[in-house]
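Position 128 of the sequence shown, counting from 1, maps to 128 under UniProt numbering, and the rest follow consecutively.
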Amino acid sequence: MRAIVPYTAVLFLILFTISSFRLSNDTPQDHLPAAFHQERRNQLRKLLPPNSVAVFFANAVRNRANDVEYIYHQDPDFYYLTGYQEPHAMLMIFSEDQKNAQGEVYKELLYVQPKDALREMWTGKRQGVEGVKQNLGMKQVFNNTDFTDASIDFTKFNKVFFLPFHNDVRDEENIKGDLYDLIAQFKQKVNYPADYNAEAHQLYELIQQSKADKSVNAAQTIRSYQQMNERLKEDKILSDYAQAQDEKTREEIAKQVPQININGYALDGMMNTLREVKTQEELKLLRKAINISAVGQIEVMKAMHPGMSEKEVQGIHEFVFRKYGAEFEGYPSIVGAGNNGCVLHYIENNKTKLENDLVLMDLGAEYHGYTADVTRTIPANGKFTKEQKAIYDLVYKAQEEAFKLCLTDSSVQAPGRVARQIINKGLKELGIIADENERHLYFPHGTSHHLGLDVHDRSNYGALKPGMVITVEPGIYIPDSSKCDKKWWGIAVRIEDDILITEKGYENLSKMAPRKSEEIEALMAKSSVLNKLALPKLD
Ligand code: GLY
Ligand code: MN
Ligand code: MN
């Protein structure tokens, strides 16, 4: 029997379909709003030179083994500019308004993966074109399968900017319009040379620039880049130019520079400029990620005992992260007891008993894209030994002094310099090194990097400004068999906090997690409900 669908049912169906594009109320409601991403695109547009376009690609889907992929994580730049969290997508932002064949004006285009009922049954909902328009507020949105026929004339732009391509993008052979295809089609449309080297082309541009601007010393810049990148020495034009003895020879070589309008380099600097200063919306999410991570440290401080394993400690942190709705860890969790803590990025976390060691715990929850980076180092049995405390308190003192240099117009290197002076002086006083100026590997890293969507976040690493967030993470690591009294062996301490630069000074965003040795001991004396968790013994 043929059903007659009443008008109200059709209306209901339309409304239901539209509303089903919206995130339902039983999922987090505190995602970055579409207006945030729109404003970030507007800000990028301001940095673009006239008659140019910036092109971004979504992150690749990466294979774990056989038919299992790694959990998908969007490229942070793509997420920042769109909020789109699915793969196989591409974004274009134009410096000026464009007009299509129908006379419609647009300034950005987004290509996304199409709706596909069968695939969605297996791998989850896709927003599709209409969903993206609805949720992310973009107007010119198309299926990624349409890009191949898109009549965008890239040759008319003075510059086509994009970020370096990674060589681990797999062709999903039975899927049209996947990332592999989008990149291949893009390269074809922009006449991408097979031997394209973004850095070399940036230096070619510098050569061109030096013709008009005599203050640009292209030869010297080329020589310094060639010191850092061996491949640039193989470029004949650059090498000849850098070694030319006179201006006339340089002018002749400059004529050989290929004229292409693509640039896979400069967009990096523009994205650094945007992302290094956080907006209020970003700070809200970053604060949440950091507070979650601090609570993880607090819960572990209460629960830890010498019979625990490194994995168990990791599990408590990550349980707390999930309890608060953090989707990911911003980097693999580091839980190293004793000598394991001396490996700076130790992620095996497979020691089965902490015993009476110091335990270095460097973990960061990622909440809606923003990651914390917090380290605490605590004694497994709740009480620092004399030697552990001496090292711990020295790192603490270095960190306290380093904080004082987290100021507007200071540099990201300044906190590290003061921390190193204090640590060297302290190591000498403890008899671990013979001289403050002695070269040693007990503090082999800097103290600070920017933090945001990436744990080592984008920045041009210029002067500090309000709204920037950096880490301050001094450490001392004394591996077994070091050339010092063996009472120090196997002691590794890092204390890491996340610092917001403010108009008036700085704010320690991770201060909720105790740092002072006495405060840590006091908290560790408390008990945790987790101590009551008893699971059956398994063979
Ligand atoms: N957790 C990585 C770092 O501290 O830089
Ligand atoms: Mn860090
Ligand atoms: Mn860290």
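In this text, a Cβ means the ideal position worked out from N, Cα and C, and glycines have one as well.
Rounded to whole angstroms, what is the Cα-Cα separation between Glu205 and Asp153?
22 Å
Rounded C-alpha distance that separates Arg22 from Gly128:
With a pLDDT of 47 at Arg22, under the threshold of 50, the modelled position of this residue cannot be trusted; read the value that follows with caution. Going from the Cα of Arg22 to the Cα of Gly128 covers about 12 Å.
Check each candidate in Gln74, Asp497 and Ile476 and name the one with the smallest Cα separation from Ile489.
The question names Ile, but residue 489 is Trp in the sequence shown. Trp489 has its Cα closest to that of Ile476, out of Gln74, Asp497 and Ile476.
Endpoints, beta strand (DSSP E) assigned at Lys311:
Unbroken run through Lys311 is the alpha helix (DSSP H), Glu310 to Lys323; no beta strand (DSSP E).
For Gly131: DSSP bridge partner residues:
DSSP, once it has assigned bridges, lists no residue as partnering Gly131.
Please name the residue, chosen from Leu535, His440 and Asp362, that lies closest to Thr471 on a Cα-to-Cα basis.
Asp362
For Ile260, name the three-state secondary structure that DSSP assigns.
coil
Using the Cα positions of Ile207 and Lys156, report the straight-line distance between them to the nearest angstrom.
23 Å
If you measure from the CB of Asp497, is any heavy atom of ligand 1 nearer than 7 Å?
no
On a Cα-Cα basis, can you pick out the residue from Leu203, Ala200 and Phe147 that is closest to Ile183?
Phe147
Quick one: what's Tyr506 bridged to in DSSP?
Ile501
For Pro306, the nearest candidate out of Asn424, Lys404, Gly462 and Gly382 (CA to CA):
Gly382
Using a Cβ-Cβ cut-off of 6 Å (strictly less than) and excluding sequence neighbours within five positions of Met308, which residues of its own chain qualify?
Leu354
Quick one: residues with CB closer than 7 Å to any heavy atom of ligand 1, in chain order, please.
Tyr331, Ile334, His345, Asp362, Gly364, Asp373, Thr375, His449, Val455, His456, Thr471, Glu473 and Glu496
Considering just the uninterrupted stretch of the beta strand (DSSP E) at Ser56, what are its terminal residues?
First, the amino acid is wrong: residue 56 is Phe here, not Ser. Per DSSP, Phe56 belongs to the beta strand (DSSP E) from Ser52 to Phe57.
Beta-carbon gap between Ala200 and Leu232 smaller than 8 Å
yes
Within a Cβ cutoff of 7 Å, which residues of the same chain sit near Ser459, ignoring the five residues on either side of it in sequence?
Asn272, Glu276 and His450
Entirely enclosed beta strand (DSSP E) segments - the segment 53-140, minimum 3 residues:
63-65, 90-99 and 105-112
May I have the straight-line CA-CA distance separating Val343 from Glu120, to the nearest angstrom?
42 Å
Taking 8 Å as the cut-off, decide whether the C-beta atoms of Ala380 and Val359 are in contact.
yes
Under 8 Å by Cβ, that's how I've got Gln264 and Ala198 pegged, so tell me the actual separation to the nearest angstrom.
For the record, residue 264 in the displayed sequence is Gly; it is not Gln. Their Cβ separation, rounded to whole angstroms, is 4 Å, which keeps Gly264 and Ala198 in contact under 8 Å.
Looking at chain C, is there any beta carbon in it that lies within less than 8 Å of the beta carbon of Glu312?
Absent here is chain C; the protein component of the structure consists of one chain.
Around the C-beta of residue 596, are 16 or more other C-beta atoms found within 10 angstroms, so that it is buried, or is it exposed?
Residue 596 falls outside the range modelled here, since the chain spans only 1 to 539, and no answer is possible.
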